[in-house]
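Worksheet: the structure to be examined is printed underneath.
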Amino acid sequence: MSDTQKDISPSRRAFLRGAAATGVGLAAGSAAAQGTPDPLITEKQDWAMTTGAGVDETPYGLPIKYEGDVIRRNVPWLTADPISSINFTPIHALDGTITPQGCAFERHHSGAIEVKKEDYRLMINGLVDQPLVFTYADLERFPRENRTFFLECAANTGMEWAGAQLNGAQFTHGMIHNMEYSGVSLRTLLEEAGLSAAGDLSDKWVYVEGADASSNGRSIPMEKALDDVMVAFKANGEALRMEHGYPVRLVVPGWEGNMWVKWLRRIEVTAQAVEGREETSKYTDTLADGTSRKWTWVMDAKSVVTSPSPQSPITHGTGPLVITGLAWSGRGAITGVDVSKDGGKTWEKARLAKPGEKMALTRFYLDTDWDGSEMLLQSRAHDDTGYVQPTKAQLREVRGENSVYHNNCIQTWHVKANGEAENVEVSS
Amino acid sequence: MSKFLPKLMTATALAATFSIPAFAEGFGLGRPALPEEITAWNLDISPNGDGLPVGSGSVEDGEMIFSENCAVCHGEFAEGVDNWPKLAGGDGTLADKDPLKTVGSYWPYLSTVYDYVRRSMPFGNAQTMSDDDVYAITAYILYSNYIVEDDFVLSNENFLDVDMPNADGFIIDDRPSSEYTIFTEENACYENCKDSVEITKRATVLDVTPDEAGTDQAAAEPAPEAAPVEVAVAEEAPVEAPVEAPAEVVTAAFDADLAAKGETVFKKCKACHQTGEGAKNKTGPILNGVFMAKVAHVDGFKYSNDMLGANEAGAVWDEAHLAEFLAKPKSVYSKTKMTFAGLKKDSEIAAVIEYLKSVSQ
Numbered sequence: 001m002s003d004t005q006k007d008i009s010p011s012r013r014a015f016l017r018g019a020a021a022t023g024v025g026l027a028a029g030s031a032a033a034q035g036t037p038d039p040l041i042t043e044k045q046d047w048a049m050t051t052g053a054g055v056d057e058t059p060y061g062l063p064i065k066y067e068g069d070v071i072r073r074n075v076p077w078l079t080a081d082p083i084s085s086i087n088f089t090p091i092h093a094l095d096g097t098i099t100p101q102g103c104a105f106e107r108h109h110s111g112a113i114e115v116k117k118e119d120y121r122l123m124i125n126g127l128v129d130q131p132l133v134f135t136y137a138d139l140e141r142f143p144r145e146n147r148t149f150f151l152e153c154a155a156n157t158g159m160e161w162a163g164a165q166l167n168g169a170q171f172t173h174g175m176i177h178n179m180e181y182s183g184v185s186l187r188t189l190l191e192e193a194g195l196s197a198a199g200d201l202s203d204k205w206v207y208v209e210g211a212d213a214s215s216n217g218r219s220i221p222m223e224k225a226l227d228d229v230m231v232a233f234k235a236n237g238e239a240l241r242m243e244h245g246y247p248v249r250l251v252v253p254g255w256e257g258n259m260w261v262k263w264l265r266r267i268e269v270t271a272q273a274v275e276g277r278e279e280t281s282k283y284t285d286t287l288a289d290g291t292s293r294k295w296t297w298v299m300d301a302k303s304v305v306t307s308p309s310p311q312s313p314i315t316h317g318t319g320p321l322v323i324t325g326l327a328w329s330g331r332g333a334i335t336g337v338d339v340s341k342d343g344g345k346t347w348e349k350a351r352l353a354k355p356g357e358k359m360a361l362t363r364f365y366l367d368t369d370w371d372g373s374e375m376l377l378q379s380r381a382h383d384d385t386g387y388v389q390p391t392k393a394q395l396r397e398v399r400g401e402n403s404v405y406h407n408n409c410i411q412t413w414h415v416k417a418n419g420e421a422e423n424v425e426v427s428s
Numbered sequence: 001m002s003k004f005l006p007k008l009m010t011a012t013a014l015a016a017t018f019s020i021p022a023f024a025e026g027f028g029l030g031r032p033a034l035p036e037e038i039t040a041w042n043l044d045i046s047p048n049g050d051g052l053p054v055g056s057g058s059v060e061d062g063e064m065i066f067s068e069n070c071a072v073c074h075g076e077f078a079e080g081v082d083n084w085p086k087l088a089g090g091d092g093t094l095a096d097k098d099p100l101k102t103v104g105s106y107w108p109y110l111s112t113v114y115d116y117v118r119r120s121m122p123f124g125n126a127q128t129m130s131d132d133d134v135y136a137i138t139a140y141i142l143y144s145n146y147i148v149e150d151d152f153v154l155s156n157e158n159f160l161d162v163d164m165p166n167a168d169g170f171i172i173d174d175r176p177s178s179e180y181t182i183f184t185e186e187n188a189c190y191e192n193c194k195d196s197v198e199i200t201k202r203a204t205v206l207d208v209t210p211d212e213a214g215t216d217q218a219a220a221e222p223a224p225e226a227a228p229v230e231v232a233v234a235e236e237a238p239v240e241a242p243v244e245a246p247a248e249v250v251t252a253a254f255d256a257d258l259a260a261k262g263e264t265v266f267k268k269c270k271a272c273h274q275t276g277e278g279a280k281n282k283t284g285p286i287l288n289g290v291f292m293a294k295v296a297h298v299d300g301f302k303y304s305n306d307m308l309g310a311n312e313a314g315a316v317w318d319e320a321h322l323a324e325f326l327a328k329p330k331s332v333y334s335k336t337k338m339t340f341a342g343l344k345k346d347s348e349i350a351a352v353i354e355y356l357k358s359v360s361q
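These protein sequence lines are chains D and R, in that order.
Counting with full-length UniProt numbering, you get residues 1 to 428 for the letters of the first sequence.
Counting with full-length UniProt numbering, you get residues 1 to 361 for the letters of the second sequence.
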């Protein structure tokens with residue numbers, strides 16, 4: 001794998017750079033000049049004469065080597081070590097809305113652990129009628145549901161609070177993925193243990209923790225727990241990957257990724273929030289006056305242009321250009337996305353590939369005719385609560401500049417005449 | 001006959017537990033959690049003290065335990081090493097630019113400290129501390145933040161008496177009133193939204209983005225104003241160090257199975273040491289090639305003075321020297337920065353050495 005990356009990445013990068021540097025007018029895709037026959041057509045190619053790979057060459061397939069640069073990447077200086085750390089989904093190179101598990105970002109607080117299905121146990125305790133222990137096989141016998149949701153880390157875009165910092169959509173917005181989960185509703189499991197012992201449910205909580213050394217415990221209000229939270233064991237049709245919590249993780253639709261506890265081992269019904277490390281010292285938001293917001297669980301509406309972007313420059317010159325990106329809201333469905341090419345002076349409506357689904361990624365396109373002039377590309381999401389994605393200036397006005405989490409501001413890419421793009425911040 | 005009575009009663013009581021209404025209405029899946037099982041996992045502690053075990057620990061004991069187990073990442077005075085969390089300081093900085101958020105300046109509840117340390121620390125060796133040790137560490141962290149005096153003893157009895165400075169510093173999410181009323185369709189502009197647009201900041205000026213390959217680049221140090229993390233550099237002036245005689249060279253045949261076992265044991269070491277392709281010095285030095293290398297052989301790592309002395313004296317990490325060091329590091333190099341207490345089992349030591357051989361070939 002690493003060999004492949006080494007083989008492919010620099011050359012592709014050089015290609016992108018080179019193509020961009022030669023400037024507008026040279027279409028990188030059309031190698032042969034007009035009037036000269038294309039040897040890829042006129043000459044017999046090896047692949048058209050010999051045989052290809054047999055069916056069992058790769059019992060579990062990986063992307064073809066030419067896509068070897070579509071990988072997760074990390075930013076080493078962000079964290080003290082690579083075990084309690086994070087990497088980023090290559091959203092600049094993906095299309096559609098489903099994130100393949102193999103390149104979906106990872107965030108661990110004590111490293112990704114290997115737990116066999118046979119060794120898996122899930123306990124429900126606390127204010128329940130009968131504390132229970134489930135095996136993995138038990139979970140598979142409850143009625144199952146399939147639902148697609150985005151998971152966004154609350155720190156996504158957090159490095160951009162103070163100014164444009166990381167040069168690529170992967171790094172500014174790649175702490176996100178979107179998968180179709182199969183599993184059991186948390187409500188079903190809680191009802192199996194019985195909630196009469198909890199009495200009035202309106203002020204009760206569910207504390208969830210993982211089996212890893214960090215445990216990553218979080219408190220979730222009972223109302224949310226009984227609404228749409230899932231205990232999932234499959235994603236995109238196959239078993240969860242180790243790095244996403246194999247064999248079982250929690251799915252907390254629309255809420256910050258830290259609450260989607262991986263390697264889920266325990267669910268406790270409590271009378272109060274536990275106020276663990278991840279919900280006090282982290283994942284709280286300090287305002288300008290030094291007070292901090294807590295329990296900021298929901299992820300507000302947000303969007304980003306994934307291409308063109310710094311890692312995905314325009315290499316084809318002027319003419320038809322597909323501007324595309326992703327939009328999402330933790331409070332509901334995306335109803336529309338606007339795109340600005342002039343840094344927010346004027347906005348036009350983009351086309352949604354499909355109607356927005358609640359708490360899932362929505363793909364948007366703006367099919368345009370690029371004349372080669374510079375653009376300050378932005379996108380702005382609308383959701384079905386009537387909320388519109390704010391600018392960074394608007395957010396700073398309310399929150400100050402010390403925030404880290406929940407930065408859902410409008411992003412700007414400066415697309416230059418040669419097709420290269422850069423992460424910039426613009427005046428309001 | 002009567003001797004069967006107690007058993008019978010127990011069975012009846014159990015049967016009653018099984019036939020509670022919720023169970024009858026459910027799917028009948030899973031089994032009752034046993035009290036011992038709940039005790040083993042139900043470790044969370046709430047702000048009101050629910051879940052605190054009986055016990056106590058002093059600042060004085062905490063200082064020693066912290067030094068041995070925590071200081072490698074968090075610093076002797078809880079001031080933090082490299083990018084590892086700072087646990088002390090930052091008092092009164094929350095409204096400043098780049099506030100310093102520590103247990104003293106930020107954490108609202110002391111229960112969180114106990115809960116987290118007992119459950120998840122030390123990093124790479126979690127759940128190894130006794131309840132009293134966790135009380136002592138918690139007491140020491142309070143002391144480092146000037147919240148208690150040096151003769152303080154923390155216990156489950158006085159736990160709730162400790163005042164956390166930022167206990168009142170939090171409000172519940174107010175976005176519905178402070179933001180959702182402003183960021184609305186009615187306020188969304190489409191034409192002539194501003195007179196002019198200037199680029200005010202550029203990511204390429206900072207140049208902190210990793211290469212496309214995403215591997216071996218040395219991260220450029222971010223500009224302080226934009227960096228969300230702070231980097232502390234610990235400097236140590238080199239001084240004369242004791243000299244150790246070179247150990248005798250011992251060679252042994254390589255055992256791949258044992259090395260594989262060693263790789264598992266090595267997980268305890270990975271919090272600080274990297275091996276393999278692309279390994280970098282972290283809290284501890286790279287261990288590629290350590291077997292049969294001179295002590296303190298990795299360039300660019302700040303070793304303790306006694307290890308540097310051993311290097312000059314020609315000491316080599318052969319099997320015997322590695323074995324004694326791994327058993328009790330501080331007994332071999334008393335100044336070593338490695339706070340790991342040592343591997344208890346000879347079989348684990350042998351396995352780790354075999355693993356280190358495998359990354360030394």
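For glycine and all other residues, C-beta sits at the position ideal for the given N, C-alpha and C.
Since the structure is predicted, the reported quantities are computational estimates derived from the model, not experimental observations.
For D/M375, would you say it is in contact with chain R, using Cβ-to-Cβ distances shorter than 9 angstroms as the test?
Looking up residue 375 of chain D in the first sequence gives position 375. Closer than 9 angstroms: no.
Short check: CB of D/T362 to CB of D/L352, under 9 angstroms?
The residue you call residue 362 of chain D lines up with position 362 of the first sequence. The residue you call residue 352 of chain D lines up with position 352 of the first sequence. In this structure, D/L352 lies closer than 9 angstroms to D/T362 by Cβ.
Is R/P45 close to chain D? Criterion is C-beta to C-beta, closer than 9 angstroms.
Locating residue 45 of chain R in the second sequence gives position 45, counting from the first residue. Note on identity: in this sequence residue 45 of chain R is Ile, with Pro being the wrong assignment. Judged by the 9 angstroms Cβ criterion, R/I45 is in contact with chain D.
Please compile the residues from chain D whose C-beta is within a distance smaller than 9 angstroms of the C-beta of R/P285.
Here residue 285 of chain R refers to the residue found at position 285 when the second sequence is read from its first residue. Per Cβ cutoff of 9 angstroms: no residues; R/P285 is ~14 angstroms from chain D at best.
Contact set for D/E180: own chain, Cβ-Cβ below 8 angstroms, skip 5 residues either direction
Counting from one through the first sequence, the residue named residue 180 of chain D turns up at place 180. Once the five neighbours on either side are set aside, the close Cβ partners of D/E180 are I98, N146, R147, T148, A235, N236 and G237.
Assuming R/A95 contacts D/D285 under a Cβ cut-off of 8 angstroms, what Cβ separation, rounded to an integer in Å, is found between them?
One-based indexing of the second sequence puts residue 95 of chain R at position 95. One-based indexing of the first sequence puts residue 285 of chain D at position 285. That belief does not hold up - the Cβ atoms of R/A95 and D/D285 are roughly 14 angstroms apart, past 8 angstroms.
Figure out for me which residue from D/G126, D/V269, D/S215 and D/C409 has the closest Cα to the Cα of D/M222.
Walking along the first sequence from the start, residue 222 of chain D turns up at place 222. Of D/G126, D/V269, D/S215 and D/C409, the residue nearest in Cα terms is D/V269.
Relative to chain D, which residues along the stretch 147-169 of chain R have a C-beta separation below 9 angstroms, given in chain order?
N166, D168 and G169
Excluding the five sequence neighbours on either side, which residues of its own chain have a C-beta within less than 6 angstroms of the C-beta of D/V133, listed in chain order?
Within the first sequence, numbered from 1, the residue matching residue 133 of chain D stands at position 133. Excluding residues within five positions, the ones whose Cβ falls inside 6 angstroms are R121 and M123.
Measuring only the C-alpha atoms, how far is D/A154 from D/G174?
On the first sequence, position 154 is the one that residue 154 of chain D refers to. On the first sequence, position 174 is the one that residue 174 of chain D refers to. Answer to the nearest angstrom: the Cα atoms are 12 angstroms apart.
Any C-beta of chain D sitting closer than 9 angstroms to the C-beta of R/N281?
Locating residue 281 of chain R in the second sequence gives position 281, where the first residue counts as 1. No, because no Cβ of chain D sits closer than 9 angstroms to the Cβ of R/N281.
Look up D/G325 in the DSSP assignment and give the residues it is bridged to.
Numbered from 1 along the first sequence, position 325 holds the residue referred to as residue 325 of chain D. Note: D/G325 sits in a beta bridge opposite D/V305 and D/F364.
Identify the contact partners of D/Y387 in chain R, using a Cβ-Cβ distance below 9 angstroms as the criterion.
Locating residue 387 of chain D in the first sequence gives position 387, where the first residue counts as 1. By Cβ distance, chain R contributes E179, Y180, F183, T184 and E185.
Answer yes or no: does any C-beta atom of chain D fall closer than 9 angstroms to that of R/G30?
Working through the second sequence from its first residue, we reach residue 30 of chain R at position 30. Judged by the 9 angstroms Cβ criterion, R/G30 is in contact with chain D.
Name the residue from R/V352, R/Y190 and R/S360 whose alpha carbon lies nearest to the alpha carbon of R/A259.
On the second sequence, position 259 is the one that residue 259 of chain R refers to. Looking at the Cα atoms, R/V352 is the closest of the given residues.
Quick one: which chain R residues come within Cβ less than 8 angstroms of D/E145?
Translated into the one-based positions of the first sequence, residue 145 of chain D becomes position 145. Here the premise fails: no neighbours, minimum Cβ distance about 15 angstroms.
Neighbour-count burial assignment, R/K345, 16 or more Cβ in a 10 Å radius:
What you label residue 345 of chain R is simply residue 345 of the second sequence in a count that begins at 1. So R/K345 counts as exposed.
As assigned by DSSP and simplified to three states, the class of D/Q394:
Counting from 1 along the first sequence, the entry for residue 394 of chain D is found at position 394. D/Q394 falls in the helix class under three-state DSSP.
Can you find a C-beta in chain R that's less than 9 angstroms from the C-beta of D/M328?
Here the question's residue 328 of chain D lines up with position 328 in the first sequence. Met is not the amino acid found at residue 328 of chain D; the sequence shown has Trp there. Not an interface residue.
Mind listing, in chain order, the continuous alpha helix (DSSP H) runs of no fewer than 4 residues lying wholly within the stretch 210-290 of chain D?
222-227
Along the stretch 74-92 of chain R, what residues have a CB closer than 7 angstroms to any CB found in chain D?
D82, N83 and W84
For chain R, is any of its Cβ atoms less than 9 angstroms away from the one on D/L250?
Within the first sequence, the letter at position 250 stands for residue 250 of chain D. No, D/L250 does not count as interfacial toward chain R.
Roughly how many angstroms separate the alpha carbons of D/R187 and D/K294, rounded to a whole number?
To locate residue 187 of chain D, count along the first sequence from 1; it is residue 187. To locate residue 294 of chain D, count along the first sequence from 1; it is residue 294. Approximately 25 angstroms between the Cα atoms of the pair.
Helix, strand or coil: which one does DSSP assign to D/D119?
One-based indexing of the first sequence puts residue 119 of chain D at position 119. D/D119 falls in the helix class under three-state DSSP.
Where the alpha helix (DSSP H) through D/Y181 begins and ends
Within the first sequence, numbered from 1, the residue matching residue 181 of chain D stands at position 181. Note, D/Y181: premise wrong, no alpha helix (DSSP H); beta strand (DSSP E) at I176 to S185.
Helix, strand or coil: which one does DSSP assign to D/K294?
Position 294 of the first sequence, counted from the start, is the residue given in the question as residue 294 of chain D. Here D/K294 sits in strand by DSSP.
In the DSSP assignment, find the unbroken alpha helix (DSSP H) run with R/G309 in it and report its ends.
As a working mapping, residue 309 of chain R is identified with position 309 in the second sequence. Note, R/G309: alpha helix (DSSP H), N305 to E312.
So with CB distances below 8 angstroms, who are the chain R contacts of D/K302?
Taking the first sequence and counting its residues from 1, the one referred to as residue 302 of chain D is at position 302. The contacting residues do not exist; D/K302 stays about 11 angstroms from chain R at best.
Classify D/D369: buried if its beta carbon has 16 or more other beta carbons within 10 angstroms, exposed otherwise.
Residue 369 of chain D sits at position 369 when you count from the first residue of the first sequence. With fewer than 16 Cβ atoms within 10 Å of its Cβ, D/D369 is classed as exposed.
Quick one: does D/P76 have its CB under 9 angstroms from some CB of chain R?
In the first sequence, counting from the first residue as 1, residue 76 of chain D sits at position 76. Chain R, which has a Cβ nearer than 9 angstroms to the Cβ of D/P76, makes this yes.
Given this structure, state the Cα-to-Cα distance separating D/P253 from D/G35, to the nearest angstrom.
Numbered from its first residue, the first sequence carries residue 253 of chain D at position 253. Numbered from its first residue, the first sequence carries residue 35 of chain D at position 35. Going from the Cα of D/P253 to the Cα of D/G35 covers about 55 angstroms.
So the candidates are D/A93, D/T89, D/I113 and D/L94; which of them puts its Cα closest to the Cα of D/C103?
For this step, residue 103 of chain D is matched to residue 103 along the first sequence. The shortest Cα separation from D/C103 among D/A93, D/T89, D/I113 and D/L94 belongs to D/T89.
Check whether the Cβ atoms of D/S379 and D/V337 lie closer than 9 angstroms to each other.
As a working mapping, residue 379 of chain D is identified with position 379 in the first sequence. As a working mapping, residue 337 of chain D is identified with position 337 in the first sequence. In this structure, D/V337 lies closer than 9 angstroms to D/S379 by Cβ.
D/H382 - DSSP class collapsed to helix/strand/coil:
Looking up residue 382 of chain D in the first sequence gives position 382. In this structure, D/H382 counts as strand in the three-state DSSP scheme.
Whose CA, out of D/S312, D/D38, D/L264 and D/G276, lies closest to the CA of D/K116?
Counting from one through the first sequence, the residue named residue 116 of chain D turns up at place 116. Nearest of D/S312, D/D38, D/L264 and D/G276 to D/K116, Cα basis: D/L264.
Rounded to the nearest angstrom, what separates R/A33 and D/D383 at their Cα positions?
By 1-based counting over the second sequence, the position of residue 33 of chain R is 33. By 1-based counting over the first sequence, the position of residue 383 of chain D is 383. Whole-angstrom Cα-Cα distance: 43 angstroms.
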